[in-house]
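In the numbering used here, the protein residues as written are 2 to 97.
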Amino acid sequence: MVKLLTIEQASEILNVPKASLRTAAEEHGYLVRIGRAVRIDQDQLRDLVEKCKIPPIGETSSKKWPRNADLSEQRDIVDRCKKAVEKLKLQGRKKS
Numbered sequence: 002m003v004k005l006l007t008i009e010q011a012s013e014i015l016n017v018p019k020a021s022l023r024t025a026a027e028e029h030g031y032l033v034r035i036g037r038a039v040r041i042d043q044d045q046l047r048d049l050v051e052k053c054k055i056p057p058i059g060e061t062s063s064k065k066w067p068r069n070a071d072l073s074e075q076r077d078i079v080d081r082c083k084k085a086v087e088k089l090k091l092q093g094r095k096k097s
C-alpha cells in the first residue's frame, strides 16, 4: 500500500522548509497530484534526498562529466549550474 504524505508532513520528517521541499520534489518529478491534493510518496523520500545531494566541490570540478553519468544526471548537473549562476547574478544585482 502506498503511503502518501502532505508537503507539510514530509517537510517535518526531513526537517526542511515546505517551499524548498515542494520545489525539489517538483523539479525531480516526485510530486503526486490527485485533484487539487499534492502529495509525496513516503517510500520515495530517500530517492528525492539522493537526487538533491550536491557532490563535493573537488570531485567533479576537474572532469567534464562523471564517467558513469547518464543523460538525466548530466541534465541535473547542468540545471544546478544554471541555478547557481542565476543566484550569483541576483546577488551581484542586489549589491550594486
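Ideal placement from N, C-alpha and C gives every residue a C-beta, glycine not left out. None of the values given here were measured: they were computed from a predicted structure.
Who pairs with residue i in a beta bridge, going by DSSP?
| i | result |
| --- | --- |
| residue 38 | 35 |
| residue 5 | 42 |
Could you give the distance in angstroms between the alpha-carbon of residue i and the alpha-carbon of residue j?
| i | j | result |
| --- | --- | --- |
| residue 44 | residue 28 | 18 Å |
| residue 78 | residue 35 | 30 Å |
Less than 8 Å separating the beta-carbons of residue i and residue j?
| i | j | result |
| --- | --- | --- |
| residue 48 | residue 3 | no |
| residue 25 | residue 53 | yes |
Less than 7 Å between C-beta atoms, sequence neighbours within five positions excluded: which residues of the same chain meet that for residue i?
| i | result |
| --- | --- |
| residue 39 | 8, 32 |
| residue 19 | 8, 9, 12 |
Report all residues from its chain with a CB closer than 8 Å to the CB of residue i; omit the five preceding and five following residues, and keep chain order.
| i | result |
| --- | --- |
| residue 50 | 15 |
Would you say residue i touches the ligand GDP, meaning its beta carbon is less than 7 Å from a heavy atom?
| i | result |
| --- | --- |
| residue 13 | Inclusion of the ligand GDP in the displayed structure is not the case, the ligand content being empty and no account of it being possible. |
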